Amino acid sequence: ADYECACLCADIVCFNWFGMAGYHIAEEMGVPCAALWLVPFSRSRSMECFMMASPKMEGLRGKLANTGLTELKYELQTHLLWEEMFWQPFSAHFNAWRQRMGLEPLTGGKTPFGEMFKKRVPIAYGFSNAVLPKPRDWPGHHLVCGYFTEEKWEEGGEGYTPPQDLVDFLAAGEPPVYLGFGSAVPGDPRGSAMTLLRACKEVGKRVVLLAGLGEGLVADRAALEIDGSLPDPDEVYLGDSFVPHGWLLPRCCVAVHHGGAGTTGACARAGVPTVVCPVEYDQYYWASRAHELGTAAPPLLPPEGVVEGGSGTRPPALEDAVAALRGALAPAAASAARRVARDVRRDEGAAVAAEFVSLFARQHWAKKR
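Here it is as structure tokens:
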């Protein structure tokens, strides 16, 4: 009901990946809609679905590649499969809701995604062509706009006052390694933090570790004081408060993160090389893209591989973490990161998306007059 009330006087309903209810409400009200997505989910014959990047998908990849279906390319099969897989867990709830609204249920192979594509619903993608160029077979109404964030806290920006102890730490030495997993939580948050801190000591780098919303990395100063394998306490800044990526990342030499779409974009904009430790969902895809762009080492995974329900029960091996950091600290990675950043900073993602969606709404209502 709250969704419906909010949309009563709307010229257009915009929804993101986690707000797919907007599509159904727009259909009920007879108003146009547009998707604002951060992951590449349009069908393509040249690129498999982003979910296939997870090592957990190796078995499924083999099955799809050997089905013998000649009428569909493997890449397109992956998109059709994941449209169904994303819909099925919610289909009963949404179809009951659709029936209460007087809409036909989506059954018999129909999904909201397939219906969107058939009805040519516009999709504005919030990532940069510099990170993922738009596939040639995507239609014109699926637009790669650039990242939607406005980095108002970059050098010279206003609206953010950093903690003084963080400012002092950054000023006291060379640019540090940033460690942060945002809201993602690996199988062993404390073990992962300890391994990554030891790896930073191995490569001789200071560290800024932020716990993040999900406390995906857990460390304490007492451990730094008694464990000789960890960096000296003076070489590590431990924080649990909000620090904007746009302010912090340009002041770091490497970012070690979980590979979320937003953090990946912030690193690309900052021009900082990365080490990506993906935990779930699209994070494996963005980790692979960063490696393909030359801005990151291969994704850093637990030694036992990826298991169901998370990235693994153990932290990555120390030698793997050290190798990944050394790769990110190499001149080639820094050069690639600067190259990507130059292109990303030219984007005006939010403005492009707003104009794209507004134009579609104007065209829709002009036809109704």
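This note's numbering applies: residue 1350 is where the sequence shown begins, and numbers increase by one.
Even for Gly, the Cβ is constructed at its ideal location relative to N, Cα and C.
Small disclaimer: the values here were computed from a predicted structure and weren't measured.
Need the endpoints of the alpha helix (DSSP H) that residue i sits in, please.
i: Trp1386; result: Premise fails: Trp1386 lies in the beta strand (DSSP E), Cys1382 to Trp1386, not in any alpha helix (DSSP H).
i: Ala1473; result: Not the alpha helix (DSSP H): Ala1473 falls in the beta strand (DSSP E), residues Ile1472 to Tyr1474.
i: Val1689; result: Pro1680 to Val1693
i: Gly1540; result: Pro1538 to Glu1551
i: Gly1595; result: His1594 to Leu1597
i: Phe1750; result: The first residue shown for the chain is 1350 and the last is 1718, placing residue 1750 beyond what the model contains.
i: Asp1315; result: An answer regarding residue 1315 cannot be provided, because it is not within the stretch 1350 to 1718 covered by the chain.
i: Gly1463; result: Pro1461 to Lys1467
i: Glu1574; result: Arg1570 to Ile1575
Report yes if the CB atom of residue i is closer than 8 Å to the CB atom of residue j, and no otherwise.
i: His1428; j: Ser1393; result: yes
i: Tyr1527; j: Ala1604; result: yes
i: Ala1690; j: Gly1620; result: yes
i: Glu1377; j: Leu1452; result: yes
i: Val1557; j: Leu1674; result: no
i: Gly1595; j: Ala1615; result: yes
i: Leu1387; j: Phe1476; result: yes
i: Gly1531; j: Gly1609; result: yes
i: His1373; j: Phe1443; result: yes
i: Leu1559; j: Val1516; result: no
i: Thr1623; j: Thr1644; result: yes
Expressed to the nearest angstrom, what Euclidean distance is found between the alpha-carbon atoms of residue i and residue j?
i: Ser1660; j: Leu1650; result: With a pLDDT of 47 at Ser1660, under the threshold of 50, the predicted position of this residue should be treated as unreliable, though the coordinate-derived value follows. If I take the Cα positions, the gap works out to 7 Å.
i: Asp1583; j: Ala1685; result: 31 Å
i: Pro1538; j: Leu1409; result: 29 Å
i: Pro1647; j: Asp1669; result: 10 Å
i: Val1362; j: Gly1368; result: 11 Å
i: Phe1518; j: Pro1524; result: 10 Å
i: Leu1667; j: Pro1535; result: 16 Å
i: Arg1618; j: Lys1459; result: 38 Å
i: His1713; j: Asp1514; result: 53 Å
i: Val1470; j: Tyr1630; result: 24 Å
i: Trp1431; j: Ala1681; result: 36 Å
i: Glu1397; j: Val1671; result: 31 Å
i: Asp1360; j: Val1628; result: 38 Å
i: Ala1702; j: Tyr1474; result: 8 Å
i: Cys1626; j: Tyr1633; result: 8 Å
i: Leu1481; j: Arg1638; result: 8 Å
i: Asn1365; j: Ile1575; result: 46 Å
i: Arg1600; j: His1491; result: 35 Å
i: Glu1407; j: Met1401; result: 8 Å
i: Arg1663; j: Leu1597; result: 29 Å
Name the one or two DSSP bridge partners that residue i has.
i: His1606; result: Val1625
i: His1491; result: Ile1472
i: Tyr1527; result: Val1557 and Ala1604
i: Ala1677; result: According to DSSP, Ala1677 bridges with nothing at all.
Within the continuous beta strand (DSSP E) that includes residue i, where are the two ends?
i: Tyr1634; result: Run containing Tyr1634: none in the beta strand (DSSP E); it sits in the alpha helix (DSSP H), Gln1632 to Leu1642.
i: Gly1588; result: Val1585 to Gly1588
Whole alpha helix (DSSP H) elements within the stretch 1357 to 1443, 4-residue minimum: 1370 to 1378 and 1407 to 1414
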